[in-house]
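S.K.:
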């Protein structure tokens, strides 16, 4: 520096990198390289054009970023810290790409891995881990938001099929997805599915199924290089075995949401690091340097 001062790395105020294992550090560096080489050079243009690079999603799959903490079925089976570091590095480049990894891995893949049958896992997870297939998680609704207790989407049994009717909103990746994890309230007078015949259950819906429509939401001020959609379910018919057998009641969707929130927290640290790295005080006063140091301390400490 020309003034003789040294600016410390924003992400190393407490030298947290030194506390990482070799494996965790490798995941961190792998994600940082991908972000710097494949996202940052084009993200400003894609943000302006509201463009998500569908053709690029196999690269995170090849790097092991999809379903990082899951075991088997082509997933990495890495630790929680490794997953968090990947989310941090991706979000430092762009929130849309961290969102993709979270929706794909922590929501869609996690739901199938936790609650699916062996047949469902074999059918979907291998391709999703490679980025060959994309999934979405259809929980949030126009009226009830992400509160499963307020869900109005209905699933009713008709012979050997389930028929789904309802609407979802702000569903990430829905217009690009090959399969949707759709949460619905079962309409079952017999009570065979619990909760007095109105249990919340999950269903795997291939998106080409007639009656499934995903419409990208326009006019967003942020997350523009990502895709969120309105989803309409109009008499969508799926076979009886499309239901996730191990997900019953509110713990089903809540379990997946908790997985996703973990990555979001790490992502927020990535956003903060990116903002601090671009911070240039209007004057090099003690006050501005103190504010920067205080923010750096908070960010580095998580």
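In full-length UniProt numbering, the protein residues as written are 1 to 302.
Ideal placement from N, C-alpha and C gives every residue a C-beta, glycine not left out.
In this structure, how does DSSP classify residue 243 when only helix, strand and coil are distinguished?
M.R.: It is a strand residue.
S.K.: Which of the three DSSP states is assigned to residue 100 in this structure?
M.R.: Reduced to three states, the DSSP call for residue 100 is helix.
S.K.: By Cβ distance below 6 Å, which residues in the same chain neighbour residue 17 in space, the five residues on each side in sequence not counted?
M.R.: No residues qualify anywhere along the chain.
S.K.: Considering only the alpha carbon of each residue, which of 183, 235, 173, 128 lies closest to residue 254?
M.R.: Residue 254 has its Cα closest to that of 183, out of 183, 235, 173, 128.
S.K.: Measure how close the beta-carbons of residue 172 and residue 99 come, nearest whole angstrom, since I'm counting them as under 8 Å.
M.R.: Sure, about 6 Å apart at Cβ, within 8 Å.
S.K.: Among 29, 135, 38, 151, which one has its Cα closest to the Cα of residue 228?
M.R.: Ranking the options by Cα distance to residue 228, first place goes to 135.
S.K.: Using the C-alpha atoms, what's the distance from residue 141 back to residue 230?
M.R.: If you take the alpha carbons of residue 230 and residue 141, they lie about 9 Å apart.
S.K.: Assuming contact is defined by CB atoms lying nearer than 9 Å, are residue 169 and residue 186 in contact in what I supplied?
M.R.: The answer is no: Cβ separation not under 9 Å.
S.K.: Rank 61, 71, 213 by C-alpha distance to the C-alpha of residue 235 and give the top, closest one.
M.R.: The option with the nearest alpha carbon to residue 235 is 213.
S.K.: Does the Cβ of residue 240 have 16 or more other Cβ atoms within 10 Å, making it buried, or fewer, making it exposed?
M.R.: Counting Cβ neighbours within 10 Å, residue 240 comes out exposed, since fewer than 16 surround it.
S.K.: Can you name the residues that DSSP bridges to residue 180?
M.R.: For residue 180, which the question treats as bridged, DSSP gives the partners 136, 205.
S.K.: Do you know how far the Cα of residue 153 is from the Cα of residue 90?
M.R.: About 33 Å.
S.K.: Can you give me the C-alpha to C-alpha distance between residue 264 and residue 114, rounded to a whole angstrom?
M.R.: Approximately 20 Å, taken between the alpha carbons.
S.K.: What are the partner residues of residue 22, as DSSP defines its beta bridges?
M.R.: Looking at the DSSP assignment, residue 22 forms no beta bridge with any residue, so it has no partner.
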